[in-house]
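Protein chains: 2
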Amino acid sequence: MALGIGDDCAIFRPRSTREELVFTTDMLIEDVHFRRETHTPAQVGYKTLARGLSDIAAMGAEPRFCLLSVAFPKWASPSWIDRFFDGLLALARETGTQLAGGDLSHAAVFASDITVCGSAPTGSSVRRSTARPGDQIYVSGGLGGSALGLATGKGAAWKRHLRPEPRLALGRYLRARASAAMDITDGLSLDLHRLCLASGVSADIEPPPLFRGASLDQALHGGEDYELLFTARPNRRIPAWFGGVALTRIGQIRRNHPGLIRLQGEPLAIKGYDHFS
Amino acid sequence: MALGIGDDCAIFRPRSTREELVFTTDMLIEDVHFRRETHTPAQVGYKTLARGLSDIAAMGAEPRFCLLSVAFPKWASPSWIDRFFDGLLALARETGTQLAGGDLSHAAVFASDITVCGSAPTGSSVRRSTARPGDQIYVSGGLGGSALGLATGKGAAWKRHLRPEPRLALGRYLRARASAAMDITDGLSLDLHRLCLASGVSADIEPPPLFRGASLDQALHGGEDYELLFTARPNRRIPAWFGGVALTRIGQIRRNHPGLIRLQGEPLAIKGYDHFS
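First to last, the protein sequences are chains A and B. So the first sequence is numbered by our numbering: it starts at 997 and just counts up by one. So the second sequence is numbered by our numbering: it starts at 997 and just counts up by one.
Have a look at this one:
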């Protein structure tokens, strides 16, 4: 940044016109996205940024900087606030994302909003609207872990719910390989439905890989897995693993019936999380 | 935008490296920044964006695009939500600010956060940290209108509170003329104190111009005027008016005592609005 925190605006100087910038913004709200009884302040800080980074990963971009708006309620003590920033800044450092500015306020409940800017070579960002009939459909990792964790509150699944990992390295790897991509935030069925709608196509899938202990229902419809859902042209070789994360082919893109998902040949109900359903 | 609403991220392609980008983010929260009993949904939408645009104006930049995060509470009917977007989008159109993306959620209270990106020739953005001893201090318009409006709930002052005008044209005009600038959001005393702290200087001022009917106290310490506070080198001619808005010299920057403000020679108490005071 040419100028970080402290002025009316942060200033960013593009290095070259051969790079495009991608932008995402994501809220994290008490009693909607987390509960203070079950989440430490550092986990809330981590998740605030992780949600935005997951979108940057889904575009195949590299995170550059972020802006944080956060409203603290009365119950947030100075030490809670410190640890919130510790959690957020640790992830920011780890991923090379500079905190460049923001806005502080108070509110009846905790609410944060993160804006993340990433960059990628111009024209290389991976969209969700560019899947074509015949493309193979893949997911990273095992699905349903976050939903299982939310249901049981323990073990690896609970840890997954608390600390989802933005798939930044995988996203960059897929930049030259995927025909379309998005992150799975609201459940596979709803997110694949959205990818298909955006691309004007339908999808035939098999049961996806399960996070250890998760049910098929949790894997199909559970939210907040933050794994990547992507497609690749039929002749494109996708490895079974990337950086310790499994990449599993779960089906194929079909023409017609935009948005329709078939699981083992039967239409699948779209049941993921929707704030306005 | 190369890509607007609908994907994981919006995509922006810088036109040239001769342009720098400026970024700001501002929250608007029910019962903190507005009350639903007194603000129409269109006014809430307008103000959500106007707050961000005022920061863009303060840098002397031109608005390019914005990202909107908004959480609606249960009381927000579909028609309230429609009119909120009407108010926001009308101002976006009027100022050439494209709504490029965002995040929708729900919450116990209404909360919005706007991120605005603006652009300016590289190196020309006006900061608050570059005032120098001897510089003249100016404000646009009359101060205290928003505080007066909040106190009386009527007349031109109430309208000013509801519909502050981001000084975008003035900001661009000042780009080549001001030595430092910021917008007055938390009251003249606090914001001038901040400008002086950032620049490592102090200030001697006379009573500022009053919004019609406002008291000196409201003009010195009332928030949300969204006028511009700026400095100019002593030999720089600043006109008395710009685009129908008065530009009034209120004092001079002095060396030493960073942050100190003297009103007619006496130290001024810093009493503007601070979320964490």
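Just so you know, even glycine gets a beta-carbon here, dropped at the ideal spot from N, CA and C.
{"Check": "Go ahead and label A1067 of chain A buried or exposed: buried means 16 or more other beta carbons lie within 10 angstroms of its beta carbon, across all protein chains shown.", "Outcome": "buried"}
{"Check": "Counting only the same chain and skipping the five closest in sequence on each side, list residues whose C-beta sits under 6 Å from that of G1130 of chain B.", "Outcome": "P1230"}
{"Check": "Give, in chain order, every residue of the segment 1012-1025 of chain A whose Cβ lies closer than 8 Å to some Cβ of chain B.", "Outcome": "S1012, T1013, E1015, E1016, L1017, V1018, F1019, T1020, T1021, D1022, M1023, I1025"}
{"Check": "D1109 of chain B and T1021 of chain B: beta carbons closer than 8 Å?", "Outcome": "yes"}
{"Check": "Tell me whether the beta-carbon of L1049 of chain A lies closer than 8 Å to the beta-carbon of T1091 of chain A.", "Outcome": "yes"}
{"Check": "Could you spell out where the alpha helix (DSSP H) holding E1016 of chain A opens and where it closes?", "Outcome": "Per DSSP, E1016 of chain A belongs to no alpha helix (DSSP H); it is in the beta strand (DSSP E), 1015-1025."}
{"Check": "For Y1169 of chain B, which of helix, strand or coil comes out of DSSP?", "Outcome": "helix"}
{"Check": "Taking only runs of the alpha helix (DSSP H) that begin and end inside the segment 1172-1207 of chain B, which ones reach a length of at least 4 residues, in chain order?", "Outcome": "1184-1195"}
{"Check": "If you draw a straight line from the alpha carbon of K1070 of chain B to that of F1106 of chain B, how long is it in whole angstroms?", "Outcome": "9 Å"}
{"Check": "Using a Cβ cut-off of 8 Å, which residues of the segment 1225-1253 of chain B contact any Cβ in chain A, in chain order?", "Outcome": "none"}
{"Check": "Identify the continuous alpha helix (DSSP H) that holds T1227 of chain A and give its terminal residues.", "Outcome": "It is not in any alpha helix (DSSP H) - T1227 of chain A instead sits in the beta strand (DSSP E) that spans 1223-1228."}
{"Check": "Using the beta-carbon of each residue, which ones in chain A are nearer than 7 Å to G1041 of chain B?", "Outcome": "Going along chain A, no residue has its Cβ under 7 Å from G1041 of chain B, so there is no contact; the nearest lies around 17 Å."}
{"Check": "Return the residue from the list A:F1061, A:S1121, A:E1202, A:R1128 that minimises the CA-CA distance to T1262 of chain A.", "Outcome": "The sequence shown places Glu at residue 1262 of chain A, not Thr. Here the closest residue by C-alpha is A:E1202."}
{"Check": "Checking the sheet assignment: what are the DSSP bridge partners for V1135 of chain A?", "Outcome": "A:L1225, A:T1244"}
{"Check": "Can you find the residues in the same chain that come closer than 8 Å, C-beta to C-beta, to E1026 of chain A, ignoring five residues on each side of it along the sequence?", "Outcome": "R1032, P1069, V1105, F1106, A1107"}
{"Check": "Would you report the Cα separation of L1212 of chain B and L1184 of chain B, rounded to the nearest angstrom?", "Outcome": "11 Å"}
{"Check": "Taking P1254 of chain A as the reference, give the member of A:G1240, A:A1199, A:L1224, A:P1205 with the closest Cα.", "Outcome": "A:A1199"}
{"Check": "Can you tell me the Cα-Cα spacing of R1173 of chain B and A1210 of chain B, whole angstroms?", "Outcome": "29 Å"}
{"Check": "Given a cut-off of 8 Å on the beta-carbon distance, is the pair H1157 of chain A and E1223 of chain A in contact?", "Outcome": "no"}
{"Check": "Taking 8 Å as the threshold, find out whether the segment 1239-1249 of chain B comes into contact with the segment 1035-1055 of chain B through three or more Cβ pairs.", "Outcome": "no"}
{"Check": "When the distance is taken between beta carbons, is E1058 of chain A closer than 8 Å to I1007 of chain B?", "Outcome": "no"}
{"Check": "For G1196 of chain A, which residues in the same chain have their Cβ closer than 6 Å to its Cβ, ignoring the five residues on either side in sequence?", "Outcome": "P1254"}
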